[in-house]
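Novice:
Residue numbers (our numbering), protein chains in the order written: chain A, 1 to 133; chain B, 1 to 155.
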């Protein structure tokens, strides 16, 4: 096994057990590999989260289900089930598990944005959800 | 088997028959992946509410799951599918062509007295069992735990 592979595996294990800060650090590092000097932006994250996309007529925005304020709970637009607030300061489990965070980014970006989100976009959205409103 | 044993067995059968009511849904054994994955967007619907074929229909189209992307990694999907198949309903009354529980004869019969305005204004989506079945999140659907939401008659 190459040292780099081992490092990646270790980083993966570490990230799945760590908090939102570590998940963000992981996305930042991935984004910086593609565009050196990358810095996440609350404003860009908010814009992505609130933008009306055209991929889905029933779920046009992230806020359609999550609501406008990440500190407050949302409601699933199709099933009506309550969705806990996204801000980790309000719901500590939020964005703390890399595998779970990845699963939901994959599903929801495909659904709402119409494609998978980039690491930079995920870093922006996580930054917004951690700090926003 | 002596007479006492026979009587005890007979009593057990009678007792079981008396307590299983038409509206009861068999309790679902614990399965962490099923309860965490299937209860993210709605309560985890009991496996007994669809046939094994119905569940296979549901589980083979998770990327387009009744209007939402609910895709899973292959390992989790196979694990949950096996669990659903082994606890699926056997009766034709829980058969559904498109995998919708609301499409089964059983569901329609059980809910035939619920007025359209209650569905529309009170329940909002039939996906939301817990709108009336107060124990739904814990897998309980008996008639003793139903609270129909109040809706205005003018709607």
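Where a beta carbon is used, it is the ideal one built from N, C-alpha and C, also for glycine.
Predicted, not measured: the structure shown is a model, and the values here were computed from it.
Which residues share a DSSP beta bridge with residue 89 of chain B?
Specialist: B/51
Novice: Name, please, each residue of chain A whose Cβ falls closer than 8 Å to the Cβ of residue 41 of chain B.
Specialist: 76, 78, 79 and 81
Novice: Apply the 10 Å Cβ neighbour rule to residue 104 of chain A and answer buried if 16 or more other Cβ atoms are within range, or exposed otherwise.
Specialist: exposed
Novice: On a Cα-Cα basis, can you pick out the residue from B/104, B/87 and B/40 that is closest to residue 65 of chain A?
Specialist: Closest option to residue 65 of chain A, judged by alpha-carbon separation, among B/104, B/87 and B/40: B/40.
Novice: Under DSSP, the alpha helix (DSSP H) around residue 130 of chain A begins and ends at which residues?
Specialist: Its alpha helix (DSSP H) spans residues 119-131.
Novice: Taking the alpha carbon of residue 130 of chain A as the reference point, which residue from A/107, A/102, A/58 and A/91 has its own alpha carbon closest?
Specialist: A/91
Novice: Can the beta-carbon of residue 78 of chain A be found less than 8 Å from the beta-carbon of residue 70 of chain B?
Specialist: No, Cβ-Cβ distance for residue 78 of chain A and residue 70 of chain B is not below 8 Å.
Novice: With 9 Å as the limit, tell me which residues of the stretch 117-150 of chain B have their beta carbon closer than that to any beta carbon of chain A; keep them in chain order.
Specialist: 123, 124, 125, 127, 128, 130 and 131
Novice: For residue 75 of chain A, which beta-bridge partners are listed by DSSP?
Specialist: A/82
Novice: Taking 8 Å as the cut-off, decide whether the C-beta atoms of residue 59 of chain A and residue 112 of chain A are in contact.
Specialist: yes
Novice: Can you give me, in chain order, the residues of the stretch 44-73 of chain B that have a beta carbon less than 9 Å from any beta carbon in chain A?
Specialist: 63, 66, 67, 68, 69, 70, 71, 72 and 73
Novice: How many angstroms separate the CA atom of residue 34 of chain B from the CA atom of residue 116 of chain B?
Specialist: 31 Å
Novice: Using the three-state DSSP reduction, which class does residue 56 of chain A fall into: helix, strand or coil?
Specialist: coil
Novice: Please list, in chain order, all residues of the same chain as residue 22 of chain B whose beta carbon is under 7 Å from its beta carbon, the five residues on each side excluded.
Specialist: Residue confidence is low: residue 22 of chain B scores 46 on pLDDT, short of 50, so the model does not pin down where it sits. Its coordinate-derived value is still stated next. Closer than 7 Å at the Cβ level, and outside the excluded window around residue 22 of chain B, lies no residue.
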